[in-house]
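Worksheet for the structure shown next.
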Amino acid sequence: MKSTKKRVAGLPAQRTAQKTLGDIDKVLPGSRNSGDRICWRFQHVDNDGPWGIDKLPPQEMGFLLDKLAGVETQTIRELFFNGEEPGKHYDMHRLPNREALGRLAEMKLNDMTRISRLRFGGRQRLYGFLVDNVFHVVWWDREHEVWPSQKKNT
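Read in order, the letters of the sequence shown are residues 108 to 261 in our numbering.
Quick look at the structure:
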């Protein structure tokens, strides 16, 4: 009987009880310790509202993807609990933008108690919900509208 197992050409084989895998450390460097590093989910992106990512121009999408890739090497502690940028958490009940609150209610996410954000430039912010090391992306706020600063020029 012929084996139905597939191998990726050029990858060293590693046998398991069920299938043949490549050497993960060679194929995906850093993957063994990714449990404490930030990673992304896009299931809850709000593309029906003003801060969706589906209509971004290619150049801006490239900028966003470069920023996401740039922080994937960092741990949650480095991003959010350092007392500095780029990450912050906000209590949902203090969200000042009524349209944003309405969007969350429409998406049935208004029971969340905290929303997180990553600052990727002067005004650009990525908002979502952080669960362990997974950032569930909701909005790309290029104009700092979701949670406007009280400071000038931010």
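Even for Gly, the Cβ is constructed at its ideal location relative to N, Cα and C.
- The Cβ atoms of residue 174 and residue 227 sit closer than 7 Å to each other.
- Only residues of its own chain outside the window of five on either side were considered, and among them 210 have a CB closer than 6 Å to the CB of residue 156, listed in chain order.
- For the region 205 to 261, the continuous beta strand (DSSP E) assignments of 3+ residues that do not extend past its boundaries occur at 221 to 226, 232 to 238 and 241 to 248, in sequence order.
- Less than 7 Å separates the beta-carbon of residue 225 from that of residue 193.
- In the same chain as residue 233, and ignoring 5 residues on each side of it, the C-beta atoms closer than 7 Å to its own belong to 224, 225, 227, 244 and 247, in chain order.
- A straight line joining the alpha-carbon of residue 249 with that of residue 229 spans about 9 Å.
- With contacts defined as CB atoms closer than 7 Å, residue 207 and residue 238 fail to qualify as a contacting pair.
- About 6 Å separates the CB atoms of residue 198 and residue 221; that is less than 8 Å, so the two are in contact.
- Nearest Cα to residue 181 within the set 212, 196, 145 and 159: 145.
- Residue 195 has 224 as its beta-bridge partners, per DSSP.
- Considering only 165, 219, 241 and 151, the residue with the shortest C-alpha distance to residue 201 is 219.
- One thing to note: residue 147 has its Cβ within 7 Å of the Cβ of residue 242.
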